[in-house]
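Inspection log for the structure reproduced underneath, given as structure tokens.
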Amino acid sequence: MSKAISLVQNLLQDGAAPNLGTILQAFAATTVLSLTYGYNIESQDHPVVKLVQKLNDVFAKEGTAEKAALLETFPFVKNLPSWIPGLGFLERAETCRQLAKEVWDQPFEYTKGEVAAGTAPQSVELETAMKAAAASVYGGRNFMPSYCYTLTGHNYTAGAETSSSVLHTFILAMILFPEVQEKARAQIDSVVGKDRLPTFDDRDSLPYIEALICETMRWHPPVPLGFPHATTTDDVYQGFRIPKGAIIIFNEWAMSRDCVDPDHFDPGRHLLPSGELSPNARMSGSSSFGFGRRVCPGRFFSEGVLWAAFVQILAMLRFSKATDANGRPIEINPVFTNGVTSHPAPFQLSITSTARAQLIDRCQGL
Ligand code: HEM
64 MSKAISLVQN LLQDGAAPNL GTILQAFAAT TVLSLTYGYN IESQDHPVVK LVQKLNDVFA
124 KEGTAEKAAL LETFPFVKNL PSWIPGLGFL ERAETCRQLA KEVWDQPFEY TKGEVAAGTA
184 PQSVELETAM KAAAASVYGG RNFMPSYCYT LTGHNYTAGA ETSSSVLHTF ILAMILFPEV
244 QEKARAQIDS VVGKDRLPTF DDRDSLPYIE ALICETMRWH PPVPLGFPHA TTTDDVYQGF
304 RIPKGAIIIF NEWAMSRDCV DPDHFDPGRH LLPSGELSPN ARMSGSSSFG FGRRVCPGRF
364 FSEGVLWAAF VQILAMLRFS KATDANGRPI EINPVFTNGV TSHPAPFQLS ITSTARAQLI
424 DRCQGL
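Residue numbers 64 to 429, in my numbering, belong to the letters of the sequence shown in order.
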């Protein structure tokens with residue numbers, strides 16, 4: 064919760080474009096760094112946070128499902144020179160690999176030192192994995208340090224860009240659909256009152272916020288084509304034979320359009336007529352997290368992080384269109400980036416605080 068409150072402060076200070084995306088990425092990166100490595104970075108200008116942003120920018124553009132399918136189908140392409148028109152991505156993939164190494168090295172070495180010194184915070188994923196490695200508790204398998212390194216590094220890179228994309232889309236939707244923003248804030252006001260900030264204890268009493276998160280992920284899925292899978296055996300689906308080894312790309316985007324008026328942002332889709340949350344409408348159950356045994360392992364963590372961020376933002380901030388020199392609202396033409404993950408391209412906005420923002424100083428210990 065404290066990181067979500069810092070996010071609100073950062074947005075208030077500096078959230079107008081072009082800094083919005085950077086602030087959201089920094090928030091997501093620091094939450095995942097803290098979970099994975101126990102590395103508590105307060106400043107969004109920390110070099111590791113900057114590196115993650117750089118890595119994510121390249122990876123989101125180059126690591127697409129289409130390119131994976133191309134390389135899997137024609138593996139020889141990997142060995143062609145990158146100056147051939149259309150193959151520039153091979154060089155950028157190499158840049159990505161080098162950046163990933165830098166991004167993974169620094170926090171890994173930090174936590175290794177903390178574990179060795181016995182000062183690592185408890186419940187940190189890397190620390191747990193290292194202890195497991197030392198005790199060989201995983202079915203007698205030899206848990207190599209390199210495995211710990213890769214495990215935590217994957218979490219770190221997979222979690223940061225996806226979560227910030229969801230937050231970015233949420234803020235855009237709040238401006239384009241102001242009635243939803245007001246309705247969400249009204250529910251917070253009626254459940255929480257105006258003299259304190261929301262806490263996780265309020266979560267079950269705020270179904271509209273939960274529905275709003277589900278709708279954000281449906282309205283514009285953060286990973287529109289998911290991550291490619293491959294079949295391990297021959298299969299038949301609705302009369303189509305799928306041979307072993309076939310690459311399956313799940314079209315999350317098409318699935319998200321399979322409803323009435325899909326471009327309209329309406330959290331009510333995820334609620335019962337009584338206002339309660341529909342039985343299957345938990346965010347962690349969203350198909351945005353993928354399927355089967357490779358389903359996103361960070362989904363429950365994300366559910367908590369995003370809930371905290373959504374609820375504190377709505378409680379303390381108001382988003383609206385920016386205005387021009389004559390006070391007229393500047394219209395937004397929503398455009399989204401293309402890549403593994405997708406988020407809104409920069410747009411102009413105005414951020415103001417609600418009266419509740421004055422409570423921040425009293426709530427630093429949450
Ligand atoms: C809104 C936030 C997130 C979204 C939308 C998301 C989405 C996804 C998707 C679609 C996949 C591929 C699943 C598949 O292959 O079927 C995935 C995999 C993964 N995610 Fe997430 N993710 C999010 C947050 C996180 C976080 C916070 C972490 C770590 C703390 C994380 C760690 C991972 C890892 C390690 C994998 C690879 C799993 C594997 O290949 O077995 N994700 N995620």
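For every residue, glycine included, the Cβ atom is placed at its ideal position computed from N, Cα and C.
Original post:
Beta-carbon separation of L74 and L380 under 8 angstroms?
Top reply: Taking the sequence shown and counting its residues from 1, one reaches residue 74 at position 11. Taking the sequence shown and counting its residues from 1, one reaches residue 380 at position 317. Closer than 8 angstroms, so yes.
Original post:
Considering only residues of the region 347-418, which uninterrupted beta strand (DSSP E) runs meet the minimum length of 3 residues and lie entirely inside it, listed in chain order?
Top reply: 380-384, 412-416
Subject >> Residue burial classification, L334 (beta-carbon count within 10 angstroms, cutoff 16) >> reply: Indexing the sequence shown from 1 puts residue 334 at position 271. The residue is buried, with at least 16 neighbouring Cβ atoms inside 10 Å.
Original post:
Of all the options F373, K164, R345, which has the alpha carbon lying nearest to the alpha carbon of S228?
Top reply: Within the sequence shown, the letter at position 165 stands for residue 228. If we check each option's Cα against that of S228, F373 comes out closest.
Subject >> Inter-stretch contact at 8 angstroms, needing at least 3 Cβ pairs: the region 267-286 / the region 311-320 >> reply: Touching, yes, given that three or more Cβ pairs across the two stretches are closer than 8 angstroms.
Subject >> Per DSSP, the bridge partner or partners of V299 >> reply: Locating residue 299 in the sequence shown gives position 236, where the first residue counts as 1. Paired residues: R304.
Subject >> DSSP-derived helix/strand/coil call for A89 >> reply: The sequence position of residue 89 within the sequence shown is 26, counting from 1. Helix.
Original post:
Under three-state DSSP, which class holds H292?
Top reply: Looking up residue 292 in the sequence shown gives position 229. Reduced to three states, the DSSP call for H292 is strand.
**OP:** Determine the contact status of F152 and K130, defining contact as a CB-CB distance below 8 angstroms.
**Re:** Translated into positions along the sequence shown, residue 152 becomes position 89. Translated into positions along the sequence shown, residue 130 becomes position 67. For F152 and K130, yes; Cβs fall inside 8 angstroms.
**OP:** If I'm right that L340 touches P270 with Cβ under 8 angstroms, what's the distance once you round it to whole angstroms?
**Re:** The count along the sequence shown starts at 1 and reaches residue 340 at position 277. The count along the sequence shown starts at 1 and reaches residue 270 at position 207. Rounded, the Cβ-Cβ distance is 4 angstroms, consistent with contact.
**OP:** Thinking F399 and F354 are a contact (beta carbons under 8 angstroms), I'd like their distance in whole angstroms, please.
**Re:** As a position in the sequence shown, residue 399 is number 336, starting the count at 1. As a position in the sequence shown, residue 354 is number 291, starting the count at 1. In fact, because the Cβ distance is near 23 angstroms, the residues do not count as touching under 8 angstroms.
Subject >> C277 beta carbon near ligand 1 (any heavy atom closer than 7 angstroms) >> reply: Position 214 of the sequence shown holds residue 277. For ligand 1, not one heavy atom lies less than 7 angstroms from the Cβ of C277.
Subject >> When S351, A371, F303, P397 are compared against D264, the one with the closest alpha-carbon >> reply: The sequence position of residue 264 within the sequence shown is 201, counting from 1. Of the candidates S351, A371, F303, P397, the residue whose Cα lies closest to the Cα of D264 is A371.
Subject >> Cβ-heavy atom distance, T174 to ligand 1, below 7 angstroms >> reply: As a position in the sequence shown, residue 174 is number 111, starting the count at 1. For ligand 1, not one heavy atom lies less than 7 angstroms from the Cβ of T174.
**OP:** Verify whether the separation of the beta carbon atoms of V111 and P170 is less than 8 angstroms.
**Re:** Within the sequence shown, numbered from 1, the residue matching residue 111 stands at position 48. Within the sequence shown, numbered from 1, the residue matching residue 170 stands at position 107. Cβ atoms of V111 and P170: closer than 8 angstroms.
Original post:
Using a Cβ-Cβ cut-off of 8 angstroms (strictly less than) and excluding sequence neighbours within five positions of S383, which residues of its own chain qualify?
Top reply: For the purposes of this step, residue 383 is identified with residue 320 of the sequence shown, where counting begins at 1. Correct list, in chain order: I238, P241, P392, L412, S413, T415.
Subject >> Heavy atom of ligand 1 within 7 angstroms of V95 beta-carbon >> reply: As a working mapping, residue 95 is identified with position 32 in the sequence shown. Yes, since a heavy atom of ligand 1 falls inside the 7 angstroms radius drawn around the Cβ of V95.
**OP:** Measure the alpha-carbon distance for I234 versus G302 and round it to whole angstroms.
**Re:** As a working note, residue 234 is residue 171 in the sequence shown. As a working note, residue 302 is residue 239 in the sequence shown. Rounded to whole angstroms, I234 to G302 spans 43 angstroms at the Cα level.
Subject >> Cβ-heavy atom distance, R345 to ligand 1, below 7 angstroms >> reply: Reading the sequence shown from its first residue, position 282 is the one you call residue 345. Incorrect: R345 has no Cβ contact closer than 7 angstroms to ligand 1.
Subject >> Environment of E172 [buried if 16+ CB atoms lie within 10 Å] >> reply: Within the sequence shown, numbered from 1, the residue matching residue 172 stands at position 109. Its Cβ having fewer than 16 others within 10 Å, E172 is exposed.
Original post:
Does the beta-carbon distance from E125 to A79 come in below 8 angstroms?
Top reply: Taking the sequence shown and counting its residues from 1, the one referred to as residue 125 is at position 62. Taking the sequence shown and counting its residues from 1, the one referred to as residue 79 is at position 16. Contact flag unset, no.
Subject >> Presumed contact (8 angstroms Cβ cut-off) between P291 and I311, rounded CB distance >> reply: By one-based count along the sequence shown, residue 291 stands at place 228. By one-based count along the sequence shown, residue 311 stands at place 248. The pair is a contact, with the Cβ atoms about 7 angstroms apart (cut-off 8 angstroms).
Original post:
F171: beta carbon under 7 angstroms from a heavy atom of ligand 1?
Top reply: Here residue 171 corresponds to residue number 108 of the sequence shown, with the count starting at 1. No, ligand 1 has no heavy atom inside 7 angstroms of this Cβ.
Subject >> Environment of E154 [buried if 16+ CB atoms lie within 10 Å] >> reply: Sequence index remark: in the sequence shown, residue 154 carries index 91 (1-based). The residue is exposed, with fewer than 16 neighbouring Cβ atoms inside 10 Å.
Original post:
T404 and E224: beta carbons closer than 8 angstroms?
Top reply: Taking the first residue of the sequence shown as position 1, residue 404 is located at position 341. Taking the first residue of the sequence shown as position 1, residue 224 is located at position 161. Contact: yes.
**OP:** Using only alpha-carbon positions, find the residue among F328, S349, T232, F137 that is nearest to F410.
**Re:** Numbered from 1 along the sequence shown, position 347 holds the residue referred to as residue 410. The shortest C-alpha separation from F410 is found at T232.
Subject >> Of the listed residues V255, I423, G367, P306, nearest to S226 (C-alpha basis) >> reply: One-based indexing of the sequence shown puts residue 226 at position 163. Residue G367 is the option with its Cα nearest to S226.
**OP:** Would you decide whether Q250 is buried or exposed? Buried here means 16 or more other CB atoms lie within 10 Å of its CB.
**Re:** As a first step, residue 250 must be located in the sequence shown, where it is residue number 187. It is buried - the Cβ of Q250 has at least 16 other Cβ atoms within 10 Å.
Original post:
DSSP on L150, reduced to helix/strand/coil?
Top reply: Taking the sequence shown and counting its residues from 1, one reaches residue 150 at position 87. The answer is coil: DSSP assigns L150 none of H, G, I, E or B.
Subject >> Rounded C-alpha distance that separates N343 from D77 >> reply: One-based indexing of the sequence shown puts residue 343 at position 280. One-based indexing of the sequence shown puts residue 77 at position 14. A straight-line Cα-Cα distance of about 37 angstroms links N343 and D77.
Original post:
Relative to ligand 1, is the shortest distance from any of its heavy atoms to the C-beta of G222 smaller than 7 angstroms?
Top reply: Numbered from its first residue, the sequence shown carries residue 222 at position 159. Yes, since a heavy atom of ligand 1 falls inside the 7 angstroms radius drawn around the Cβ of G222.
Original post:
Which first and last residues belong to the alpha helix (DSSP H) in which T262 is found?
Top reply: Position 199 of the sequence shown, counting from 1, holds the residue named residue 262. Here T262 belongs to no alpha helix (DSSP H), and DSSP marks it neither H nor E.
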